[in-house]
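What follows is one structure encoded as structure tokens, with my remarks underneath.
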Amino acid sequence: MNVFGVDIGGSGIKGAPVNLEHGELAEPRHKVLTPQPATPDGVAGCVAEVVRHFGWTGPVGVTFPGVVTGSTIRTAANVDKGWIDVDAGRLLGDRLDGLPVTVLNDADAAGIAEMAFGAGKGRKGTVVMLTLGTGIGSALFADGRLVPNTELGHLELKGHDAEKRASSKAREDEQLSWEHWATKRLQKYLAHVEMLFSPELFIIGGGISRKADKFLPLIEGVRAEIVPAKLQNDAGIVGAAMAARAAAVRVG
Ligand code: BGC
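Each residue of the sequence shown is one higher than the one before, counting from 5 in the numbering used here.
Right, dumping it as structure tokens:
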């Protein structure tokens, strides 16, 4: 069965039909640049463009980089604040001529895809997926079941919002060496999350996970196993499609 997934990111909005048996894109993804500012109307137009590119007419799952309850956006740390309290499911459904739309947090989407098809496949116990990008997203799993909207990127670290210190953007903006960023920033952040949740496994996602060999071997003093994500760029799209299928099954 194929379902459509869209990933709304700070720089690009990308989507494709997803083969849910294999957890893979069924066709090469289509990407448009995220409008700046990324207002609800501007982004909704781009999502519609991506979906129409494929002539898609079934259920659509969409990720959003903020807290999502039901289909309403509650926070917008790194996107236009105009999203707060917008019912994104309704907005996007209207733009897509009534197609059923499911909206979920971007890290939650990446996490459910990794648990089903990637680095977390078959893993029981507590698993924490962290996406390191502009911000830090988190997805918490207990025996494979997601606890949504955990927002562990906003834990306080040395008096700062953790994502401002340990994200991939923080490394770039402050021009930190891999070693400094890994040992003084990421390691401290992981140790803090471990102190709170004692996961068996951390899955590290986001674009930077492609360079995991540059920083994961430098991390010490964290008990949990730490592995890079496997689905990388496609995790959000695949997870969005999985969530849309789950919603379609619930509605019957
Ligand atoms: C947001 C999260 C999001 C993460 C990654 C954070 O700033 O609060 O909701 O998952 O960035 O995009």
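Positions of the beta carbon are idealized from the N, C-alpha and C atoms, including for glycine. Nothing here was measured: the structure is a model prediction, and the numbers come from that model.
Practice task
Mind listing, in chain order, the continuous alpha helix (DSSP H) runs of no fewer than 4 residues lying wholly within the region 175-240?
Solution key: 191-201, 216-219
**Asked** Would the beta-carbon of residue 111 be found less than 7 Å away from any heavy atom of the ligand BGC?
**Response** yes
Does the ligand BGC have a heavy atom nearer than 7 Å to the CB of residue 9?
no
Residue nearest to residue 88 in terms of C-alpha spacing, selected from 76, 95, 165, 96 = 76
In the DSSP assignment, what are the bridge partners of residue 34? 19
request  = Specify whether the region 110-125 and the region 78-86 touch according to this definition: at least 3 beta carbon pairs, one from each stretch, less than 8 Å apart.
outcome  = no
| query | Per the contact definition of three or more C-beta pairs closer than 8 Å, is the region 226-234 in contact with the region 180-198? | reply | yes
### Assigned secondary structure, residue 142 (DSSP; H/G/I helix, E/B strand, else coil)
strand
**Study point:** Beta bridge counterpart(s) of residue 8 as assigned by DSSP
**Key:** 21, 64
Margin query: Taking its Cβ as the centre, do 16 or more other Cβ atoms sit within 10 Å of residue 232, making it buried, or is it exposed?
Written below: buried
Would the C-beta of residue 139 count as close to the ligand BGC, meaning under 7 Å from any of its heavy atoms? yes
- Query: Taking all protein chains shown into account, do 16 or more other C-beta atoms lie within 10 angstroms of the C-beta of residue 41, making it buried, or fewer, making it exposed?
  - Reply: exposed
Notebook entry, point to check: Mind pulling the beta strand (DSSP E) runs of 3 or more residues that sit fully within the region 95-163?
Noted result: 105-109, 130-136, 140-146, 149-151
- request: Determine the direct distance from the alpha carbon of residue 238 to that of residue 5, and round the result to whole angstroms.
  value: 17 Å
Next on the checklist: Within the continuous alpha helix (DSSP H) that includes residue 81, where are the two ends?
Outcome noted: Element bounds for residue 81: n/a, residue is neither H nor E.
For residue 73: DSSP bridge partner residues
76
Where does residue 89 sit, in a helix, a strand or coil, going by DSSP?
coil
The alpha helix (DSSP H) that contains residue 14, what's its start and end? Run containing residue 14: none; DSSP gives neither H nor E here.
Assumed close pair residue 64, residue 72 - CB separation to whole angstroms, cut-off 8 Å:
Actually they are not in contact, since the Cβ atoms of residue 64 and residue 72 sit about 14 Å apart, beyond 8 Å.
#### Entry: Pair within 8 Å by beta-carbon distance, residue 170 and residue 190
yes
I need the straight-line Cα distance from residue 187 to residue 219, nearest angstrom please.
9 Å
**Message:** So residue 110 and residue 240 are supposed to be a Cβ contact under 8 Å. How far apart are they, rounded?
**Reply:** 5 Å
Is residue 13 closer than 8 Å to residue 69 when the C-beta atoms are compared? yes
- Message: Whole angstroms are fine: how far does the CA of residue 94 sit from the CA of residue 30?
- Response: 26 Å
Is the separation between the beta-carbon of residue 143 and that of residue 114 shorter than 8 Å?
yes
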